[in-house]
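*Asks:* Quick note: the sequence shown uses my numbering, first residue 178, plus one each step.
Quick reminder that beta carbons are idealized off the backbone N, C-alpha and C, glycines included.
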Amino acid sequence: MAESIPVEADDNGIRVDRWFRRHYPGLSHGALEKLLRTGQVRVEGKRATAGDRLSTGQVLRLPPQLQAKTAADGEISKDHPTAHKSLTDRERKEAEALVIHKDSSVLVLNKAPGLATQGGSGIIKHVDGLLEHLSFGKKQRPRLVHRLDRDTSGVLVVARTVPAAAALSESLRRRDAKKIYWALVRGTPKKPSGTIKLPIAKEGGRGNEKMVGVQRHTEDAKHAITDYVVIDRVGGEYTWVAAKPVTGRTHQIRVHLASLGTPIVGDFKYGGAGAQPAGDIENCLHLHARSIDIAHPDGGRLRATAPLPPHMQKAWKVLGFEESEARDPFPKRSK
178 MAESIPVEAD DNGIRVDRWF RRHYPGLSHG ALEKLLRTGQ VRVEGKRATA
228 GDRLSTGQVL RLPPQLQAKT AADGEISKDH PTAHKSLTDR ERKEAEALVI
278 HKDSSVLVLN KAPGLATQGG SGIIKHVDGL LEHLSFGKKQ RPRLVHRLDR
328 DTSGVLVVAR TVPAAAALSE SLRRRDAKKI YWALVRGTPK KPSGTIKLPI
378 AKEGGRGNEK MVGVQRHTED AKHAITDYVV IDRVGGEYTW VAAKPVTGRT
428 HQIRVHLASL GTPIVGDFKY GGAGAQPAGD IENCLHLHAR SIDIAHPDGG
478 RLRATAPLPP HMQKAWKVLG FEESEARDPF PKRSK
């Protein structure tokens with residue numbers, strides 16, 4: 178049976194060939210050309226071409242067991258991160274411990290910092306590779322509908338069925354989701370709350386890519402909007418910030434907070450030396466996807482909150498911040 182995969186919000190506008198490079202990095206160019214030429218890849222039932230642009234919520238139909246087939250044909254080695262890997266009992270328990278919500282249609286994970294969402298060059302362990310082991314008796318393999326940066330922890334929603342994946346992807350496309358992130362930044366924003374409207378563009382070559390804020394709209398820039406609120410601070414040295422991305426650009430919160438002169442602690446990519454922590458604060462990224470409020474595929478709302486990871490719990494303790502004191506700083510849900 179062919180595999181149906183809904184297009185995630187993060188993949189909106191991407192070309193078909195680039196979608197395959199992102200999700201099946203071990204699939205050779207020749208093998209992909211053959212799949213397309215023979216009509217084995219379809220979008221909404223129509224034969225796909227390499228240059229077709231994908232839209233959130235569209236459904237890609239792929240040949241059955243694509244990963245296993247390409248591995249057998251020598252297109253993907255058995256050691257490639259996209260190939261199936263069995264887990265030890267300890268790894269299986271660790272994977273199951275990530276689950277903070279489970280129902281018939283949805284899983285919510287608390288992704289650990291340092292764990293990639295998807296595989297790629299040099300990435301062996303990732304959430305996508307664990308999903309096969311988080312089916313909990315269902316025949317269908319759970320599916321990602323959005324991503325978090327490798328070093329960002331927190332709420333990650335996973336669909337347990339194809340209809341659920343399509344519904345969640347559509348909600349994300351419509352921005353009918355309220356995602357709140359917690360960050361520890363160096364310094365303090367000049368205003369205790371506000372909205373950052375700064376377009377973002379990509380610069381640098383492959384392997385050295387970086388997102389940059391641009392004051393003027395350029396050809397490759399995408400508009401980006403982030404709401405933020407200061408929750409607590411220690412003098413002018415450290416500040417606990419809640420951020421709510423209105424748009425969902427790559428590294429958006431990191432770029433936007435750095436643009437205020439308050440880089441996230443441990444974010445040397447965008448904060449440089451200014452992101453260096455001091456004292457007992459650990460030298461790693463302090464950005465956490467704290468909560469999500471999104472339409473549930475079966476009706477009603479799905480609301481989930483993820484506890485802070487150990488290094489941020491430690492920072493909160495050192496700085497005297499209290500998790501329990503933080504109420505929702507964005508009471509009105511974005512439409």
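#1: Please determine, among Arg238, Pro508, Val220, the residue with the shortest C-alpha to C-alpha distance to Leu231.
#2: Taking the alpha helix (DSSP H) that Glu502 belongs to, which residues open and close that run?
#3: Assuming Ile471 and Leu325 are in contact, meaning their beta carbons sit under 8 Å apart, how far apart are those beta carbons, in whole angstroms?
#4: Could you give the distance in angstroms between the alpha-carbon of Leu464 and the alpha-carbon of Lys316?
#5: Please classify Glu502 as buried or exposed, where buried requires at least 16 neighbouring CB atoms within 10 angstroms.
#6: I'd like the ranges of any alpha helix (DSSP H) spanning at least 4 consecutive residues and lying wholly in the region 322-351.
#7: Output yes or no for whether 8 Å exceeds the beta carbon distance between Leu308 and Pro319.
#8: Give me, in chain order, the residues of the same chain whose beta-carbon lies closer than 8 Å to that of Val283; leave out the 5 immediate sequence neighbours on both sides.
#9: State yes or no: is the C-beta of Ala360 within less than 8 Å of the C-beta of Ile430?
#10: Within the region 349-435, note down every full beta strand (DSSP E) run reaching 3 residues or more, in order along the chain.
#11: Below 8 Å between beta carbons: does that hold for Val407 and Pro369?
#12: Buried or exposed for Ser468, going by 16 or more other Cβ atoms inside 10 Å?
#13: Helix, strand or coil, according to DSSP, for Arg318 in the structure here?
#14: Using 8 Å as the threshold, is the C-beta distance between Gly438 and Ala452 below it?
#15: Work out the CA separation of Val411 and Gly477 for me, nearest whole Å.
#16: I'd like the span of the alpha helix (DSSP H) that includes Asp266, first residue to last.
#17: Kindly indicate which three-state DSSP category Asp188 falls into: helix, strand or coil?
#18: Which two residues bound the contiguous alpha helix (DSSP H) that contains Val536?
#19: Would you kindly work out how many angstroms separate the C-alpha atoms of Gly306 and Leu321, rounded to a whole number?
#20: How about Pro290 and Leu485: do their beta carbons lie closer than 8 Å?
#21: Report the option in Gln217, Ala481, Glu459 whose CA atom is closest to the CA atom of Pro487.
#22: For His488, does the three-state DSSP call read helix, strand or coil?
#23: Is it buried or exposed, Gly413, if we count other Cβ atoms within 10 angstroms and call 16 or more buried?
#24: Provide the residue span of the alpha helix (DSSP H) that contains Ala208, from first to last.
#25: In angstroms, rounded to a whole number, what distance separates the CA positions of Lys175 and Ala398?
#26: According to DSSP, which residues form a beta bridge with Ala450?
#27: Could you check the C-alpha separation between Ala455 and His400 for me, to the nearest Å?
#28: I'd like to confirm the pairing. Which residues does DSSP put opposite Ile441 in its beta bridges?
#29: Would you mind working out which of Thr233, Ser281, Gln392, Glu273 sits nearest Ala343, comparing C-alpha positions?
#30: Using the Cβ count rule (16 or more neighbours within 10 Å means buried), how would you classify Arg363?
*Replies:* By the coordinates alone:
#1: For the purposes of this step, residue 231 is taken as the residue at position 54 of the sequence shown. Taking only the C-alpha atoms, the option nearest Leu231 is Val220.
#2: In the sequence shown, the residue the question calls residue 502 occupies position 325. Premise fails: Glu502 is in no alpha helix (DSSP H) and is neither H nor E.
#3: As a position in the sequence shown, residue 471 is number 294, starting the count at 1. As a position in the sequence shown, residue 325 is number 148, starting the count at 1. Contact doesn't hold; Cβ gap of about 15 Å is too wide.
#4: Your numbering for residue 464 matches position 287 in the sequence shown. Your numbering for residue 316 matches position 139 in the sequence shown. Straight-line Cα distance between these residues: approximately 34 Å.
#5: Indexing the sequence shown from 1 puts residue 502 at position 325. Per the 10 Å Cβ criterion, exposed.
#6: 339-350
#7: As a working mapping, residue 308 is identified with position 131 in the sequence shown. As a working mapping, residue 319 is identified with position 142 in the sequence shown. Yes; because the gap between Cβ atoms is below 8 Å, this pair is in contact.
#8: As a working note, residue 283 is residue 106 in the sequence shown. Cβ within range, chain order: Val334, Val335, Ala336, Arg337, Ala341, Leu345, His473, Pro474, Leu479.
#9: Indexing the sequence shown from 1 puts residue 360 at position 183. Indexing the sequence shown from 1 puts residue 430 at position 253. Yes. Within cutoff.
#10: 354-363, 370-374, 377-380, 387-390, 402-411, 415-422
#11: Stepping through the sequence shown from its first residue, residue 407 is reached at position 230. Stepping through the sequence shown from its first residue, residue 369 is reached at position 192. Yes. Within cutoff.
#12: In the sequence shown, counting from the first residue as 1, residue 468 sits at position 291. Flag for Ser468 reads buried.
#13: The residue given as residue 318 occupies position 141 in the sequence shown. Coil, per DSSP.
#14: For the purposes of this step, residue 438 is identified with residue 261 of the sequence shown, where counting begins at 1. For the purposes of this step, residue 452 is identified with residue 275 of the sequence shown, where counting begins at 1. Result no, Cβ atoms of Gly438 and Ala452 do not sit closer than 8 Å.
#15: Along the sequence shown, one-based indexing puts residue 477 at 300. Along the sequence shown, one-based indexing puts residue 411 at 234. Between Gly477 and Val411, the C-alpha separation is close to 39 Å.
#16: Position 89 of the sequence shown holds residue 266. Its alpha helix (DSSP H) spans residues 266-274.
#17: The sequence position of residue 188 within the sequence shown is 11, counting from 1. It is helical.
#18: Any property of residue 536 remains undetermined from this structure, which presents the chain solely from 178 to 512.
#19: Residue 306 sits at position 129 when you count from the first residue of the sequence shown. Residue 321 sits at position 144 when you count from the first residue of the sequence shown. About 11 Å.
#20: Within the sequence shown, residue 290 is the residue found at index 113, counting from 1. Within the sequence shown, residue 485 is the residue found at index 308, counting from 1. For Pro290 and Leu485, no; Cβs fall outside 8 Å.
#21: On the sequence shown, residue 487 is found 310 positions in, with the first residue counted as 1. Nearest of Gln217, Ala481, Glu459 to Pro487, Cα basis: Glu459.
#22: Position 311 of the sequence shown, counting from 1, holds the residue named residue 488. Helix.
#23: For the purposes of this step, residue 413 is taken as the residue at position 236 of the sequence shown. Label assigned to Gly413: exposed.
#24: Residue mapping note: residue 208 aligns to position 31 of the sequence shown, counting from 1. Note, Ala208: alpha helix (DSSP H), 206-214.
#25: Within the shown structure, residues of the chain are numbered from 178 to 512, placing residue 175 beyond reach of any answer.
#26: On the sequence shown, residue 450 is found 273 positions in, with the first residue counted as 1. Answer is none; Ala450 lacks a bridge partner.
#27: As a working note, residue 455 is residue 278 in the sequence shown. As a working note, residue 400 is residue 223 in the sequence shown. Those two C-alpha atoms are separated by around 34 Å.
#28: For this step, residue 441 is matched to residue 264 along the sequence shown. Paired residues: Val362.
#29: On the sequence shown, position 166 is the one that residue 343 refers to. That would be Thr233, whose Cα lies nearest to the Cα of Ala343.
#30: Position 186 of the sequence shown, counted from the first residue, corresponds to residue 363. Per the 10 Å Cβ criterion, buried.
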